[in-house]
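S.K.: Going by my numbering, 518 is the number at position 281 of the sequence shown; the sequence numbering is gapless.
Glycine residues also receive a C-beta, built at the ideal position from the N, C-alpha and C atoms.
All figures in this text were calculated on a predicted structure; none of them were measured in a lab.
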Amino acid sequence: MTSSPSDPVSSALLHLADGLRQAADQLGLPRLGAQVVEETTRRLTESRLRVLVLGEIKQGKSTLINALLGEALLPTGVTPTTGAVVQLVRGDATERRLHGPAGAEVLAPERFAELARGKSPVEGSLVVTTTSEQLPPELELIDTPGINDILRLRTLISRGELPRGDALLLVLDATQVLKRTELAFLRDALIAVGGLGDSGATLLLALNRVDLIPEAERPAVLSHIQAQLASMIPGPLEIFQTDARTAAKDPAKDTLGVREVLRLRERLKQLAGQTRDLSPPRARTYLLRNADLLAHHAATQARALRLEHAAVRDELAAVRKAFIEQQLDVEQQRATIAARRGEIVARTREHLVNFRGELEDAILKQLERPDLRVTAELLPSASQDALMHFVYSEAERLRLALEGLTREVMQTCGEQAQRRLATAMLSLGLRGPVIHIRPPSVFVEAGTLAVGIAGTAVMYFGNIVTGLVMTVAAPLATMVLRERSVREVRTAARDSVPSALATAFGDFESALVRAVDDHVATLEEILVLAHGQLGDQLQSLLQRVIDLDERAALPPADPPPAPTSEAAPQPVSSVSEARKTAAAELRALEPRLADLRAQIAAVPIAPEQAR
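1) How is V850 classed by DSSP in three states: helix, strand or coil?
2) Which of helix, strand or coil does DSSP assign to L234?
3) Per DSSP, what kind of secondary structure is R401 in: helix, strand or coil?
4) Give the secondary structure of G579 by DSSP, where H, G and I count as helix, E and B as strand, and everything else as coil.
5) Taking the alpha carbon of E347 as the reference point, which residue from T439, E360, G340 and E332 has its own alpha carbon closest?
6) In the DSSP assignment, find the alpha helix (DSSP H) that holds G256 and state where it starts and stops.
7) May I ask you to list the residues that DSSP assigns as paired with L442?
8) So is L269 buried or exposed if we call it buried at 16+ other beta carbons inside 10 Å?
9) Could you pull the start and end residues of the beta strand (DSSP E) that D380 belongs to?
10) Excluding five sequence neighbours on each side, which residues of the same chain lie with their C-beta closer than 7 Å to the C-beta of Q507?
11) Report all residues from its chain with a CB closer than 7 Å to the CB of T412; omit the five preceding and five following residues, and keep chain order.
12) Using a Cβ-Cβ cutoff of less than 6 Å, which residues in the same chain neighbour G692 once the five nearest sequence positions on both sides are dropped?
13) Buried or exposed for K298, please, with buried defined as at least 16 other CB atoms from any protein chain shown within 10 angstroms of its CB.
14) Only counting the same chain, and skipping five residues up and downstream in sequence, which positions put a Cβ closer than 8 Å to that of R504?
15) Closest to G463 by CA distance: which of P473, A554 and S777 is it?
16) Around the C-beta of L734, are 16 or more other C-beta atoms found within 10 angstroms, so that it is buried, or is it exposed?
17) Taking 7 Å as the limit between beta carbons, can you name the residues of its chain near D410, skipping five residues before and five after?
18) What first and last residue would you give for the alpha helix (DSSP H) that runs through Q507?
19) Drop a sphere of 10 angstroms on the beta-carbon of P456, count the other beta-carbons inside from all chains shown, and report buried for 16 or more, exposed for fewer.
20) In chain order, what are the residue ranges of uninterrupted alpha helix (DSSP H) at least 4 long that sit wholly in the region 312-379?
21) Contact check, L305 vs D380 under 8 Å by CB: the rounded distance?
22) Quick one: what's L289 bridged to in DSSP?
23) Rounded to a whole number of angstroms, what is the C-alpha to C-alpha distance between T367 and E398?
24) Helix, strand or coil, according to DSSP, for K602 in the structure here?
25) Taking the straight line between their C-alpha atoms, what separation do you get for G432 and P518?
26) Determine whether the beta carbon atoms of A345 and A321 lie at a separation below 7 Å.
27) Measure the C-alpha to C-alpha separation of E633 and E377 and round it to an integer number of angstroms.
28) Apart from the five residues just before and just after L466, which ones in its own chain have a Cβ nearer than 7 Å to its Cβ?
29) Whose CA, out of G579, L257 and E370, lies closest to the CA of A271?
30) Near L250, what residues of its chain come up, given a Cβ to Cβ distance below 7 Å and the 5 sequence neighbours on each side ignored?
31) Taking the continuous alpha helix (DSSP H) assigned at Q272, which residues delimit it?
32) Where does K416 land, buried or exposed, given buried means 16+ other C-beta within 10 angstroms?
33) When you compare only the Cα positions, how much space is there between H756 and D514?
34) Compute the Euclidean distance between the alpha carbons of L596 and L624, then round it to the nearest angstrom.
35) Taking only three categories from DSSP, how would you classify E545?
36) Could you tell me the distance, in whole angstroms, from the CA atom of L854 to the CA atom of R584?
Below is the structure:
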């Protein structure tokens with residue numbers, strides 16, 4: 238939906254956006270300038286509010302969107318299902334499209350699911366249109382990849398996804414609510430959108446899978462959220478206790494989780510009705526952020542103009558190397574993950590084989606005891622104790638192995654990116670907000686990811702312990718009760734125990750390998766590149782200085798003949814003059830940027846618009 242920006246506030250903001258575009262063009266950053274104008278125009282003329290659905294991997298974001306729209310538009314499943322940004326808007330027909338360099342392409346559901354899951358690279362953007370009346374024309378939902386570390390958040394910031402959001406819908410898991418990584422993510426996300434005060438941004442919290450929490454424990458979970466966020470977000474929180482899976486399957490079911498999904502749907506519709514009021518403060522916040530960014534870039538280029546030509550070339554090469562090697566780091570980490578996965582699985586299988594052999598030998602030796610009735614009474618419980626001890630010790634060993642893999646991959650990748658990018662950027666004299674100048678420091682909370690997955694596996698193993706024990710012990714007890722001959726009992730037990738153990742340990746091995754593979758899939762899901770757009774901008778700034786030198790150094794097309802009677806006067810270096818001219822232009826640009834920023838901040842926003 239588009240409208241003409243006829244009101245004075247929108248007209249002023251569009252005029253200021255064009256001023257930032259001109260500054261970006263002068264710095265040699267036309268793409269950034271065009272993006273500023275395009276995004277500001279979108280906010281002020283399309284009258285559409287953008288809601289970013291965020292959260293960690295496998296929190297049920299896609300399922301919640303499907304439940305909100307009353308339509309299965311996005312792929313869902315037990316494995317991570319969103320590996321790319323997907324935009325959902327109201328349209329005349331339900332379609333899935335890829336908007337790429339060659340134009341829009343309608344996608345079959347299978348191809349869309351492949352791209353949305355991140356199984357293939359996306360050249361462009363994925364857009365889903367729906368006729369669902371549950372999605373107002375004034376609202377668009379953005380489904381994002383799962384974010385389990387700061388690195389992925391920085392990717393969304395640098396690509397501009399978070400700053401372009403108007404409302405944040407953070408999906409939390411009610412069974413593991415507000416881990417340290419989620420708190421860090423939320424803090425940086427709020428910085429990216431300009432905070433919640435007069436920026437016009439809105440934060441909604443969906444406490445999903447609330448059905449897994451006993452009703453008596455839910456108030457304590459809500460109190461925990463309030464306490465954790467009190468210092469970060471003053472004032473009341475908007476929390477919705479959702480059960481997305483049930484709401485998607487049975488929207489008429491009268492449960493708290495389903496009712497809360499419906500209440501969240503109505504809240505989003507209410508936000509859509511406030512689009513005209515919320516768009517100006519959101520546009521102003523976006524322009525302020527880009528004014529700061531351009532000021533940093535101007536300072537960077539001013540410094541580069543004072544360097545020798547060779548030094549600028551060296552710094553450009555360093556920046557390029559930093560970003561190229563960061564990409565290579567990711568590929569190296571993928572290879573590391575694959576290698577470590579093989580080692581962990583091989584060690585797990587070795588432990589299973591050894592313990593199965595020991596248990597089988599112990600059972601068969603017990604069967605040789607003279608008093609078979611005593612053996613029949615004691616052997617099942619002894620087998621159960623041995624199995625339970627092994628199951629839990631092996632699950633703990635697996636948890637530690639997966640935690641070690643997480644630390645190795647995330648800290649190594651993060652430290653390499655931090656070291657290379659920080660060296661490249663800080664040597665260019667960049668200063669200012671963290672989101673503009675520094676690569677992320679990746680802090681992996683001890684066991685956060687590993688405990689989540691291995692902990693689930695432990696609970697699962699605990700549930701199947703009884704099944705494993707019965708598989709092994711039941712044949713013994715049954716045969717002791719039914720067989721009358723001691724010899725027949727021993728013979729039948731010897732025949733049945735190996736096959737019973739083979740079945741039980743085969744199931745156990747499958748469960749362990751699934752836990753490892755789920756963890757590996759999670760690690761691969763969160764391995765992304767950071768600061769791609771910022772890297773391009775830094776390279777453009779330095780390349781502009783090099784191009785300036787090279788153009789100035791070219792000889793004129795028709796050089797005048799040299800005088801023969803007397804020596805020619807020493808000319809002033811054309812390169813030096815070109816740099817002086819560019820430096821003078823930058824000196825004029827920097828106060829102009831400061832003035833533009835002041836004008837943007839002074840644009841009057843009515844109180845109801847900034848709510």
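M.R.: In brief:
1) Coverage of the chain is limited to positions 238 through 848, which leaves residue 850 absent and any answer about it impossible.
2) There is simply no residue 234 to check, as the chain begins at 238 and stops at 848 in what is shown.
3) The answer is coil: DSSP assigns R401 none of H, G, I, E or B.
4) Three-state result, G579: helix.
5) Cα-wise, what sits closest to E347 is E332.
6) G256 -> alpha helix (DSSP H) spans P245 to Q263.
7) In the DSSP output, where bridge partners are listed per residue, L442 has L407 and I476.
8) Per the 10 Å Cβ criterion, buried.
9) Annotation: the continuous beta strand (DSSP E) that includes D380 extends over L376 to D380.
10) There are no such residues.
11) Scanning its chain for C-beta atoms nearer than 7 Å, with the 5 sequence neighbours on each side dropped, one finds around T412 the residues R446, L449 and I450, in chain order.
12) At G692, the pLDDT of 30 sits below 50, so the modelled position is not reliable and the matter cannot be decided from this model.
13) Counting C-beta atoms within 10 angstroms of its own C-beta, K298 has 16 or more neighbours from the protein chains shown and is therefore classed as buried.
14) These residues qualify, in order along the chain: L441, E475 and F477.
15) Reading off the sequence shown, one finds Gln at residue 463, where the question assumed Gly. Proximity to Q463 across P473, A554 and S777 peaks at P473, based on C-alpha coordinates.
16) It is worth fixing the name first, because residue 734 is Val in this sequence and not Leu. With 16 or more other Cβ atoms within 10 Å, it is buried.
17) Cβ within range, chain order: Q296, N445 and R446.
18) That run of the alpha helix (DSSP H) goes L493 to G510.
19) Residue burial annotation: P456 is exposed, with fewer than 16 other C-beta atoms found within 10 angstroms of its C-beta.
20) Whole alpha helix (DSSP H) segments, 4+ residues: 346-353.
21) A Cβ-Cβ separation of about 11 Å leaves L305 out of contact with D380 under the 8 Å criterion.
22) L289 pairs with I379 and L405.
23) Using only the alpha carbons, I get a separation of about 22 Å.
24) K602: helix per DSSP, three-state reduction.
25) Cα to Cα, the separation comes out at about 11 Å.
26) Taking a C-beta distance under 7 Å as the contact criterion, A345 and A321 do not qualify as a contact pair.
27) For E633 and E377, the distance between alpha carbons rounds to 44 Å.
28) These residues qualify, in order along the chain: L474.
29) Measuring from the Cα of A271, the nearest candidate turns out to be L257.
30) Setting aside the 5 residues that flank it on each side, L250 is surrounded in the same chain by T277, L281, P517, A520, R521, L524 and V840, each with a C-beta closer than 7 Å to its C-beta; the list follows chain order.
31) First-last of the alpha helix (DSSP H) with Q272: P267 to T282.
32) Under a 10 Å Cβ-count criterion, K416 is classified as buried, with 16 or more other Cβ atoms of the shown protein chains found around its own Cβ.
33) If I take the Cα positions, the gap works out to 44 Å.
34) So the alpha carbons of these two residues sit roughly 9 Å apart.
35) Correct three-state label for E545: coil.
36) It is not possible to answer for residue 854, since the shown part of the chain is limited to 238 through 848.
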